[in-house]
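Enquirer: Here it is, the structure in full.
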Amino acid sequence: MSVSHQRVTKLYLIRHGQTAYNRDDRLRGHADPELTDLGYEQAEALGRIFAGVMLSRVVSSPLRRALDTARPIACAAGVPVEMDDDLNDRDYGRWTGASRAAVLQQFGSVDAAPGVEPWDTLCGRVMRAFWSMLETSTGPAFAMVGHDATNRVLLTGLVNELKGKAGRIHQDNGCWNRLDWNGHRWVLAVLNAVPQDHQHP
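Laid out in structure tokens, this is it:
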């Protein structure tokens, strides 16, 4: 265990605010739609609730829906937004922008659609981003702003009780999750909270 790991005691996983693709239940992937008005409201609400949290770093997916969600949070914390390409959303290939329902009807699952980034590949790069951030952070807390898929990778990859349950984890737009380091492992403290829950981070 590194010194950095010992000093970082809280990890916040945040999903970006709503886009039109979310509203219409289309696969987002590497498409870069902007936030809707509701999405910007969700981002600003996240900034307000994180104003009292001592975040040492805020790292985001490079897609603008994530960056525009990360900015109010980073501003409240007084730190810059950093970008990591490994936090990019899952690549849905030619199915990007397609209706999720249509893909499910044709292939039975998104995973089975040809050309979709394999889950193991996604897990590898997202966990690489986490370990890189952990090794270069001094704590006490940091935030990663990404996507439904990236959050589910991190939740199932770090929390023993969630391993193998990626398909059962729901992540609302503009939600946040908190993992606490107990000295031995990461423990789930908060799952899929949204600002209107009035839960303190």
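No gaps in the numbering here: position 161 of the sequence shown is 171 in the working numbering, and each next residue is one more. The C-beta atom is built at its ideal place from N, Cα and C for all residues, glycine as well.
1. Using the beta-carbon count (16 or more within 10 Å), is G64 buried or exposed?
2. Taking contact to mean at least 3 C-beta pairs separated by less than 8 Å, is the region 107-120 in contact with the region 140-150?
3. Helix, strand or coil for M64 per DSSP?
4. With which residues is R138 paired in a DSSP beta bridge?
5. With 16 other CB atoms within 10 Å as the buried threshold, where does N170 fall?
6. Do R110 and the ligand SAM come close, with the Cβ less than 7 Å from some heavy atom?
7. So T29 and G57 are in contact, right, with Cβ under 8 Å, and what is the actual spacing, rounded?
8. Over what stretch of residues does the alpha helix (DSSP H) that includes N187 continue unbroken?
9. DSSP three-state label for N170, please.
10. Pick from R110, V69 and G107: whose alpha carbon is nearest that of D95?
11. Going by beta-carbon coordinates alone, are T160 and L77 separated by less than 8 Å?
12. DSSP three-state call for R33: helix, strand or coil?
13. With A84 as the anchor, note down where its beta strand (DSSP E) starts and where it stops.
14. Please report the distance separating the alpha-carbon of S147 from that of A153.
15. Could you give the DSSP three-state label for E92: helix, strand or coil?
16. Using the beta-carbon count (16 or more within 10 Å), is T2 buried or exposed?
17. Measure the Cβ-Cβ separation of D158 and R110 and say whether it is below 8 Å.
18. What are the complete alpha helix (DSSP H) segments, minimum 4 residues, inside the region 96-162?
19. Counting along the chain, where does the beta strand (DSSP E) carrying A199 start and finish?
Expert: With the given structure in hand:
1. A small correction: the amino acid at residue 64 is Met; Gly does not occupy that position in the sequence shown. Exposed is the call here.
2. no
3. coil
4. In DSSP, R138 forms no bridge with anything.
5. exposed
6. Annotation note on the ligand SAM: not contained in the displayed structure, which lists no ligands.
7. With 8 Å as the limit, T29 and G57 do not qualify as a contact, their Cβ atoms being about 18 Å apart.
8. Per DSSP, N187 belongs to no alpha helix (DSSP H); it is in the beta strand (DSSP E), W186 to W191.
9. helix
10. V69
11. no
12. helix
13. It is not in any beta strand (DSSP E) - A84 instead sits in the alpha helix (DSSP H) that spans R74 to A87.
14. 11 Å
15. strand
16. Outside the modelled stretch of the chain, which goes from 11 to 211, sits residue 2, for which no answer is possible.
17. no
18. 110-117 and 129-145
19. W196 to A203
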